[in-house]
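Reading through the structure tokens given below for one structure.
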Amino acid sequence: MKVEWLSGIVDYGIIGMLVILSILVVAISLERCALYRKVSIASFEDIKSLELTLTRKLPVIAMVGTNAPYLGLLGTVLGIMLTFYNMGQDAALDTGRIMTGLALALKATAVGLVVALVAVVLYNSLWSKVKVLMLEWEIANGRKTL
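For the sequence shown, this note's numbering gives the first residue as 30, with consecutive numbering after it.
Below, the structure is given as structure tokens:
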């Protein structure tokens, strides 16, 4: 029984999904930065509508930051399972091939961690800007939130 498709799932499926998620996070972050630069806080009647406008799409970045390590870990588990399967099929498998298989399996976790780190940093910086804009609105309008 061949399980080479599992290697393709780890390489192209898991890591490909992580790359797509990182592109999505960067695209949303750039869009949000552009919005924050041009938004006129004076045009908002109340702070809740301002908050709604400013925080739109931020949960997507937070979800990627939260779940990317788990997706990477899934790729690592699948890669290690494939390595163990290959070890079981070929008792004369040399240690070089085993270590290469395990190292390649760990790359999914590394990619997942990088994607998560980028997403968390971008989310936190965007959230800080949201809080500043909301405080500026409160100062300009002399109102406080509960």
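Here a beta-carbon is modelled for each residue, glycine too, at the ideal position from N, C-alpha and C.
(message) Within 10 Å of its beta-carbon, does residue 43 have 16 or more other beta-carbons around it, so buried, or fewer, so exposed?
(response) buried
(request) Whole angstroms is fine: what's the gap from residue 134's alpha carbon to residue 103's? (result) The straight-line gap separating the alpha-carbon atoms of residue 134 and residue 103 is approximately 10 angstroms.
(message) Please report the straight-line C-alpha distance between residue 167 and residue 75, rounded to a whole angstrom.
(response) 9 angstroms
(request) With hydrogens ignored, establish whether the beta-carbon of residue 164 is closer than 7 angstroms to any heavy atom of the ligand HEM. (result) Absence of the ligand HEM is noted for the structure shown, with no ligands found whatsoever.
(request) Could you check if residue 49 is buried or exposed, using at least 16 other CB atoms within 10 Å of its CB as the buried criterion? (result) exposed
(request) Helix, strand or coil for residue 120, going by three-state DSSP, please let me know. (result) coil
(request) Take the Cβ of residue 105 as the centre, count every other Cβ of all protein chains shown within 10 Å, and call the residue buried at 16 or more, exposed below. (result) Taking a 10 Å sphere around the C-beta of residue 105, we find 16 or more other C-beta atoms and assign the residue as buried.
(message) At the 8 angstroms Cβ level, is residue 111 part of the contact set with chain B, yes or no?
(response) The displayed structure is made up of one protein chain only, and chain B is not part of it.
(message) Can you tell me whether residue 69 is helix, strand or coil according to DSSP?
(response) coil
(request) May I ask you to report which of helix, strand or coil DSSP gives residue 126? (result) helix
(message) Rounded to whole angstroms, what is the Cα-Cα separation between residue 119 and residue 139?
(response) 28 angstroms
(request) Return the CA-CA distance between residue 97 and residue 107, expressed in angstroms with no decimal places. (result) Using only the alpha carbons, I get a separation of about 16 angstroms.
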